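**Student:** Per our numbering, residue -7 is the first one in the sequence shown, and the count goes up by one each step.
Pasting a structure here, questions to come.
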Amino acid sequence: MLATENLRKEHQLILKYIALMERYAEFCVNNAQCSMLLEKAGSFIEFIHEFADDFHHAKEENILFRSLEEPGVLTHCNPIPQMLNEHSKARELVQAMENSLHTNDNDKLKTAISQYAQLLKEHIYKEDNILYPMGERGLSDMAKASLLKEYAQTDQRLDSQTLWCKYETLYNDLEHQLITYTHPTATC
Ligand SMILES: [Fe+2]
Ligand SMILES: [Fe+2]
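Put into structure tokens, the structure is as follows:
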């Protein structure tokens, strides 16, 4: 029984969005291209708020991390304060993205995107390769079963199926728009 499988799948979608957001930012070298970044940044921010933060980070903070902090689960070190600190930094960087969007400041937006992308990629690497394996080793089968039940309740409460569908569709749209803009003759 695995307690982190669904969270890993969520990481994959978050990483896909980050990579696409970086592609948009890299493409922004002149006014016309930057207006496209400003136009689409709101969609990326919406994904980060609704999926990466309200859904994924909330499941970690309210369910997984709480279980991992039970006595005897993490025996060597406790990386959770660092993980929580990184969630907070990520929220600050999203706020910086929103602020730069409101002032139409492309340079600040690109800087905030780059810092957010770097932070989240490193954060997800640490969770996938250090924290989650520690949890899989330390949690009992009973604790894992209880976690899975709590995830399922959260998935139901936040209608995760609709959320996944919405954001997979949005990803495809955003990717298609970038390809169409960068390769106007492309047919797909
Ligand atoms: Fe996290
Ligand atoms: Fe995570």
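Where a beta carbon is used, it is the ideal one built from N, C-alpha and C, also for glycine.
Please read these numbers as outputs of a predicted model, since none were measured by experiment.
1. Can you confirm whether the segment 48 to 62 touches the segment 155 to 166 when touching is taken to mean that 3 or more C-beta pairs between the two stretches lie within less than 8 Å?
2. Mind listing, in chain order, the residues whose beta carbon lies closer than 6 Å to a non-hydrogen atom of ligand 1?
3. Is L111 near L76, with beta carbons less than 9 Å apart?
4. When you compare each of L139, E18, P63 to S106 by their alpha carbons, which one comes out closest?
5. When we look at the beta-carbon of C26 and count the other beta-carbons within 10 Å, is it buried (16 or more) or exposed?
6. What first and last residue would you give for the alpha helix (DSSP H) that runs through F36?
7. Please report the residue range of the alpha helix (DSSP H) in which I6 lies.
8. Taking C-alpha atoms, which residue in L30, E2, K136, M(-7) lies nearest to N98?
9. Please name the residue, chosen from P125, R15, L150, that lies closest to A(-5) on a Cα-to-Cα basis.
10. Any heavy atom of ligand 2 closer than 8 Å to the Cβ of L60?
11. Would the beta-carbon of Q216 fall within 9 Å of that of K1?
12. Closer than 8 Å is the cut-off here; do at least three beta carbon pairs connect the segment 124 to 142 with the segment 6 to 15?
13. So, for D165: in the same chain, excluding its five sequence neighbours on each side, which residues have a beta-carbon less than 8 Å away from its beta-carbon?
14. With distances taken between CB atoms, is the gap from A88 to K102 smaller than 9 Å?
15. Examine ligand 2 and report whether any of its heavy atoms sits within less than 8 Å of the Cβ of E2.
**Tutor:** Let me spell this out:
1. no
2. H49, E52, M75, H79, H115, E119
3. no
4. E18
5. buried
6. 23 to 39
7. -3 to 19
8. L30
9. P125
10. no
11. Residue 216 cannot be examined here, being either before or after the span of the chain that is shown, -7 to 180.
12. no
13. none
14. no
15. yes
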